[in-house]
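Oh and the sequence shown: position 362 is 375 in the numbering used here, straight run, nothing missing.
We put the beta carbon where it would ideally sit given N, CA and C, even for glycine.
Every value quoted in this text rests on a predicted model; they were computed, and no experiment measured them.
Just below is one structure, and these are the notes that go with it.
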Amino acid sequence: MDEMMAKRAMLALESLGSVVITDAEGRYIYVSPQRLRKGGYRLEDLLGKYVRDVYPDTLVDQVLQTRQPVLLCPLLTPTPYGVQQSFVSYYPLVDGEECLGCFLYTTFGGMNSALEFTHIVTELSRQVAQTRKQLQSIQKNSANYTTADIIGQSPAVNQLKREISMVARTSSNVLIQGETGTGKELVAHSIHSLSRRCGAPFLRVNCSAIPENLMESEFFGYEEGAFTGAKRGGRAGKFERASGGSLFLDEVNTLPMNMQPKFLRVIQEGEVERVGGGTSIPVDTRIISAANRPLEDLVRSGEFRQDLYYRLNVVRSVIPPLRERKEDIPLLVDMFISQLNVRMGLDIQAVQPQVLDLLMKHDWPGNVRELQNVVERAMNYAYEGVLTPSHFRFFQAHALGGPVRGLCPSAPRSGGCRAAEYERIQNALALCGGNKSAAAKSLGWARSTFYEKLKKMQAAELPGSPQLRPAAPPGGNHTGG
Ligand SMILES: Nc1ncnc2c1ncn2[C@@H]1O[C@H](COP(=O)(O)OP(=O)(O)OP(=O)(O)O)[C@@H](O)[C@H]1O
Ligand SMILES: [Mg+2]
């Protein structure tokens with residue numbers, strides 16, 4: 014760089030205001046006159062010194078190491094005239110592979126800068142919120158699961174997956190039947206995801222969640238001025254909005270009788286008429302419905318129209334209850350543990366075989382959802398390692414037909430309720446994120462007492478230990494000791 018260029022660069026730097034440049038080790042090599050004035054320093058006091066020795070909170074070293082800029086970091090500097098407010102932006106000076114130093118730019122101005130900064134943050138937050146909303150709306154109107162999310166290796170689940178792949182090839186309406194918690198929603202999403210319609214919307218509507226007086230406008234839409242409070246320009250209904258894609262009618266068995274002929278018409282004719290409008294709008298919407306009660310029963314009892322039933326039930330998919338495919342339980346448990354570890358910030362590796370024995374004995378009226386709930390509850394009593402029957406004590410009485418046990422609030426500390434004491438230890442550990450000292454403190458015990466009891470508890474939990482065997486007597490006190 015010739016002398017003239019260097020001079021111009023220097024002038025440019027100075028005109029920027031409060032600027033500092035460091036070398037690759039974080040030592041001052043340039044400080045602009047304005048920065049010196051603001052800080053009350055002389056250049057010779059700073060040159061060659063580490064920035065961290067002058068400002069212990071500086072991010073220079075972090076930026077040199079990560080090579081990532083940090084923008085508008087608030088800085089409070091005590092000066093003889095009071096505390097000075099400023100915002101520092103740090104930029105790494107990178108030349109190819111080499112990091113040559115750090116460029117710091119400081120803005121002062123106290124309240125004004127703070128307000129400006131707040132304004133920037135507010136604007137950014139608004140943009141983030143808006144983007145998040147758009148993303149949610151995209152996610153809401155798309156199918157989020159596919160057959161890979163349906164866990165199970167039982168013949169029933171394998172058959173179900175095959176059926177989904179077959180059904181996905183066509184545009185025929187599908188009726189999914191299964192008890193509560195069997196995964197009807199997963200199946201509906203999967204059918205859409207695998208179909209040619211996957212790029213078009215997937216709209217889910219829970220038929221039991223829409224008030225009867227709003228149903229017509231929700232499903233068929235309305236024209237401007239159709240009723241007081243109607244939106245300007247009218248609004249498309251669900252059938253119209255899902256055109257080209259799929260409309261998932263969840264809990265279709267709850268569809269009121271008076272709405273059923275209207276649905277039949279849309280499905281039969283392939284067109285909707287908005288409320289307050291005279292023209293028919295063609296729609297090409299695949300209807301995937303789910304029922305948690307057999308629709309045939311409702312047809313027989315006169316609660317569901319037979320003609321609509323036939324239109325919805327062109328293809329049928331029946332999901333068997335979990336009690337008929339218990340061999341899927343171990344896989345499902347593993348999957349829930351992995352998912353919940355992430356969500357709950359835990360590190361559970363597996364379950365003891367005795368736990369699986371216990372889970373296999375249950376009938377699971379709530380199906381996979383109930384299993385998910387039981388695993389999550391047990392994980393609240395653990396923090397790492399392996400889930401043992403003691404983590405499932407609440408479930409043992411439940412599984413054996415007794416009342417569901419909650420936590421044992423204040424168990425006697427004698428041998429009369431040892432299991433309850435162990436439960437307190439586990440709860441305390443869970444609540445304190447596995448920190449033993451904190452757990453001991455929360456129980457009001459000395460650390461040594463806590464460690465001693467914990468050691469005894471871990472010894473008692475070894476497989477085959479009589480204390481914590483799964484099969485406690487129904488309604489019994491589960492002490493085993
Ligand atoms: N085979 C499966 N693999 C993985 N997760 C499953 C499976 N079946 C169900 N689930 C999970 O169980 C929970 C319940 O499933 P879903 O909501 O699909 O049930 P549902 O049949 O629609 O129940 P309901 O009739 O009560 O609405 C969900 O969290 C779902 O992800
Ligand atoms: Mg459902």
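Quick one, are the C-beta atoms of residue i and residue j less than 7 Å apart?
i: F405; j: V368; result: yes
i: E236; j: I223; result: no
i: N154; j: P214; result: yes
i: S259; j: R210; result: yes
i: L59; j: Y41; result: yes
i: G250; j: G234; result: yes
i: V387; j: V346; result: no
i: E225; j: P269; result: yes
i: K174; j: T160; result: yes
i: C220; j: E264; result: yes
i: L88; j: S99; result: yes
i: M83; j: V73; result: Checking the displayed sequence, the identity of residue 83 turns out to be Val instead of Met. Not closer than 7 Å, so no.
i: L262; j: D320; result: no
i: R306; j: N266; result: yes
i: L308; j: Y322; result: yes
i: V279; j: V288; result: no
i: M470; j: I438; result: yes
i: P334; j: E192; result: yes
i: G194; j: G379; result: yes
i: F349; j: Q385; result: yes
i: G61; j: Q47; result: no
i: T119; j: V101; result: yes
State the beta-bridge partners of residue i as determined by DSSP.
i: L571; result: Nothing about residue 571 can be reported from this structure: the residues present for the chain run from 14 to 494 only.
i: E284; result: P295
i: D341; result: Beta-bridge pairing links D341 to no other residue.
i: E383; result: None; E383 has no bridge partner.
i: G398; result: I361
i: N102; result: It should be pointed out that residue 102 corresponds to Ser in this sequence rather than to Asn. Answer is Y118, bridged to S102.
i: E111; result: D108
i: T35; result: Y41 and C115
i: P87; result: F100
i: S12; result: Nothing can be reported for residue 12: it is not among the residues displayed for the chain, which extend from 14 to 494.
i: A249; result: G234
i: Y63; result: R40
Could you check whether the Cβ of residue i sits closer than 6 Å to any heavy atom belonging to ligand 2?
i: K466; result: no
i: E198; result: yes
How about residue i: is its Cβ closer than 6 Å to a heavy atom in ligand 1?
i: R382; result: yes
i: G379; result: no
i: I280; result: no
i: N305; result: yes
i: T159; result: no
i: T195; result: yes
i: G289; result: no
i: I164; result: yes
i: G191; result: yes
With residue i and residue j assumed to form a contact (beta carbons below 8 Å), what rounded beta-carbon distance in angstroms separates them?
i: V331; j: Q190; result: 5 Å
i: A451; j: F463; result: 10 Å between Cβ atoms; not a contact.
i: S203; j: I163; result: 7 Å
i: A169; j: E383; result: That belief does not hold up - the Cβ atoms of A169 and E383 are roughly 18 Å apart, past 8 Å.
i: L371; j: P402; result: 6 Å
i: S45; j: E27; result: 5 Å
Say yes only if the C-beta of residue i is nearer than 6 Å to one or more non-hydrogen atoms of ligand 4, and no if none qualify.
i: L84; result: As for ligand 4, it is missing from this structure, which binds only ligand 1 and ligand 2.
Do the stretch 278 to 295 and the stretch 171 to 183 touch if we need at least three Cβ pairs shorter than 8 Å?
no
Would you call the stretch 326 to 344 and the stretch 186 to 199 in contact, with 3 or more CB pairs under 8 Å?
yes
Say whether the stretch 41 to 60 touches the stretch 71 to 79, bearing in mind that this needs 3 or more beta-carbon pairs closer than 8 Å, one atom from each stretch.
no
At a cut of 8 Å, does the stretch 112 to 121 reach the stretch 28 to 43 through at least three beta carbon pairs?
yes
Check whether the stretch 391 to 398 and the stretch 350 to 367 touch, using three or more Cβ-Cβ pairs below 8 Å as the test.
yes
Is the number of C-beta pairs between the stretch 339 to 353 and the stretch 300 to 310 that are closer than 8 Å three or more?
no
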